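Down below is the structure, laid out as structure tokens.
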Amino acid sequence: MRNHTRSFICDIQSIMVERRALVIVGLGYGDEGKGLATDFFCLNHPESIVIRFNGGQQAGHCVINKEGEKHIFSNLGSGTFRGIPTFWSKYCTFSPLLFVEECQKLNKSFKFYIDPNCPITTHYDILFNRASEITLGKARKGSCGVGFSTTIEREQSGLSLLLSDLFDNQVLVEKLTQIKKYYRHKINLDTAFDFDSMDHDYEDTLFLNSILDIQKFLYSNAVQMICESDLFKTMVSKTLIFEGSQGILLDQHFGKWPHVTMSNTSSQNAMEMISRYCSGYTTEVVYITRAYRTRHGSGPFPEQHKDFRLLEQNIDETNETNCYQGALRFDFLDLDVLNDAVAFDEQFSAGLGKNLLVTCMDHLEDDKIRAFTNKDLCSFQYTEIWKYLNFPIKKLIFSFGNCAESLFDAKKNHEIGTNVYISSN
């Protein structure tokens with residue numbers, strides 16, 4: 022056992038001196054444990070940077086540190102507790118309001134790089150998002166209600182507002198006026214709400230004040246605007262940890278419409294950046310799944326199997342019932358769906374090392390995973406999950422704990438034809 026532990030530690034140390042890119046991708050509908058995974062690799066690679074490469078403020082990545090502090094990272098990378106900087110790429114929307122709100126709630130120092138070409142989510146994007154979902158009622162799409170997809174749709178319509186526009190007052194006022202007019206028409210036409218009955222002056226003031234707060238962050242150097250080409254030139258000695266948001270089953274090119282997100286939730290965007298700037302890097306993909314499947318929000322999902330159950334009290338569950346997504350739904354893992362998600366991602370990640378992190382093992386009643394394969398429900402020792410995968414696995418990691426430090430405990434290592442690192446509290 023000591024030899025296994027020593028081998029594991031040496032493996033981690035050898036990884037730390039290489040120029041590496043790790044791409045973290047969820048295999049479900051989100052909520053797989055990407056915050057835990059990102060924090061774990063930041064712990065392994067203290068000289069790293071976290072790169073958000075898809076989605077935006079709708080992410081909700083839970084990190085619990087060893088002191089028990091808990092935070093849901095939506096507008097900052099999940100390595101922030103450890104002082105790891107974040108790069109917010111142009112593939113991500115950026116909400117000044119929600120960013121400032123999160124920074125105030127976190128109340129810790131941070132370093133945040135952001136591409137000036139990021140699309141900006143305004144309060145009008147959020148308003149239309151929420152009004153649309155409420156109007157749709159039972160036919161709603163399953164949105165988080167924070168304006169991500171509506172921002173993308175507005176950008177695609179030609180009405181663009183980028184981060185760089187926020188600091189030219191004339192441009193900002195002109196574009197905000199156009200956006201207000203754009204949503205006045207859409208809300209009155211497409212929703213059950215009257216645009217003119219709302220207090221937009223108050224919301225305008227809050228939005229403009231958040232931009233002033235962003236300027237203060239810029240002056241203090243906590244936030245720095247930098248285009249991706251310059252960012253990658255300055256980070257050549259760092260491990261690049263690409264933190265994905267949501268999961269492949271919500272990908273705009275793979276998920277089932279209309280219950281998808283307007284985002285590439287696969288490794289696609291990360292691989293595009295890696296191909297442009299990371300020649301000579303060793304790149305691996307880290308796929309994430311819970312030991313069971315979940316969906317938070319509307320859309321196809323099987324009726325929960327009568328035999329499915331978790332431990333009665335899961336104090337770490339962060340997906341609370343809300344008026345936009347409803348309650349979190351659960352069922353046994355479906356290994357065919359998991360394999361299909363990886364097969365879709367293969368067009369972007371072919372030839373790269375692939376790892377699998379299975380989270381939430383501590384939510385199960387025993388050490389067996391029950392899952393569907395070929396539509397049949399089967400049960401197996403969790404360390405044997407690799408036998409049901411249609412893709413080669415470099416490493417398997419199992420999490421029985423809620424913080425990254427627990428993933429270092431290798432005392433349960435098994436040798437089963439692949440590297441298996443098992444965490445426990």
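Residue 22 is where the sequence shown starts when you use the numbering used here, and the numbers rise one by one after that. Idealized CB from N, CA, C, for every residue including glycine. Please read all numbers here as calculations on a predicted model, not as lab measurements.
Output yes or no for whether 8 Å exceeds the beta carbon distance between residue i and residue j.
i	j	result
Leu398	Phe351	no
Phe62	Ile309	no
His92	Thr59	no
Thr107	Tyr134	yes
Gly268	Tyr50	yes
Arg73	Ser266	yes
Lys375	Pro413	yes
Leu187	Leu193	yes
Phe169	Lys207	no
Ser427	Phe419	no
Phe102	Asn86	yes
Leu373	Glu305	yes
Arg330	Glu386	yes
What residues in its chain sit with their C-beta under 6 Å from that of residue i, if we drop five residues either side in the sequence?
i	result
Val311	Note on identity: in this sequence residue 311 is Arg, with Val being the wrong assignment. Taken in chain order, the residues that qualify are Glu53, Thr380 and Cys381.
Leu64	Ala425
Lys111	Asp136, Asn138 and Cys139
Thr172	Thr114, Pro140, Thr142 and Asp146
Asn209	Phe216
Thr260	Arg41, His66 and Ser69
What separation, rounded to the nearest whole angstrom, lies between the Cα atoms of residue i and residue j?
i	j	result
Glu405	Arg391	11 Å
Asp225	Leu197	9 Å
Gly47	Asp366	11 Å
Ile200	Tyr145	7 Å
Leu227	Phe275	37 Å
Trp278	His317	16 Å
Tyr203	Cys124	30 Å
Val358	Ser288	17 Å
Phe94	Ala80	7 Å
Asn423	Gly100	15 Å
Ile247	Glu39	25 Å
His326	Asp189	55 Å
Ile235	Val244	8 Å
Ser130	Ser400	46 Å
Ser296	Ser250	12 Å
Asn242	Asp388	48 Å
Ile437	Tyr298	The pLDDT assigned to Ile437 is 37, lower than 50, so where the model puts this residue is not dependable; a value taken from the coordinates is nonetheless given after this. Going by the C-alpha atoms only, they are around 36 Å apart.
Glu122	Ser178	28 Å
Asp18	Glu88	Within the shown structure, residues of the chain are numbered from 22 to 446, placing residue 18 beyond reach of any answer.
Phe216	Tyr313	42 Å
Lys159	Glu195	37 Å
Trp407	Leu233	51 Å
Leu229	Ser185	14 Å
Glu176	Leu332	44 Å
With distance defined between alpha-carbon atoms, name the residue in the options nearest to residue i.
i	options	result
Arg205	Asp186, Ser153 and Gln177	Ser153
His66	Arg73, Leu43, Tyr50 and Tyr240	Leu43
Phe120	Phe238, Lys327, Ala291 and Glu39	Phe238
Gly166	Gln78, Leu183, Val71 and Leu349	Gln78
Asp361	Asp387, Asn395 and Phe329	Asn395
Leu417	Glu386, Ile147 and Leu377	Leu377
Gln368	Ala291, Val192 and Phe188	Ala291
Phe214	Glu68, Leu349, Thr156 and Glu123	Thr156
Asn285	Gln273, Ser296 and Gly372	Gln273
Phe253	Gly89, Trp109 and Gln325	Trp109
Thr315	Val307, Asp355, Lys327 and Glu88	Asp355
Leu183	His221, Asn242, Tyr313 and Ser116	Ser116
Asp211	Arg151, Ser185 and Gln191	Arg151
Lys132	Glu174, Arg175 and Tyr240	Tyr240
Leu270	Val307, Val363 and Asn96	Val363
Lys126	Glu90, Gly158 and Lys159	Glu90
Val307	Lys415, Ser164 and Gln191	Lys415
Is any non-hydrogen atom of the ligand NAP found closer than 7 Å to the C-beta of residue i, if you look at the structure I gave you?
i	result
Asp186	Inclusion of the ligand NAP in the displayed structure is not the case, the ligand content being empty and no account of it being possible.
Rounded to the nearest angstrom, how far is the Cβ of residue i from that of residue j, given a contact under 8 Å?
i	j	result
Ser300	Glu68	That pair is no contact at about 20 Å.
Tyr403	Arg41	Actually they do not touch by this definition, with Cβ atoms about 27 Å apart.
Thr282	Gly104	With a Cβ gap of about 30 Å, Thr282 and Gly104 do not count as contacting.
His280	Gly320	3 Å
Ser231	Leu349	About 30 Å; that fails the 8 Å criterion.
Ile45	Met256	Not a contact, Cβ separation roughly 17 Å.
With a CB to CB cut of under 7 Å and the five nearest residues on each side skipped, what residues in its chain are close to residue i?
i	result
Gln34	Any reading at Gln34 must be qualified, since the residue scores a pLDDT of 44, below 50, and its modelled position is unreliable; the value itself is stated next. If we look at Gln34 and ignore the five residues flanking it on each side, it has no Cβ neighbours.
Gly11	Lying before the first or after the last residue shown, residue 11 is absent from the chain, which here runs from 22 to 446.
Within the same chain, show all residues whose beta-carbon is closer than 8 Å to that of residue i, passing over the 5 residues directly before and after it, in chain order.
i	result
Tyr223	none
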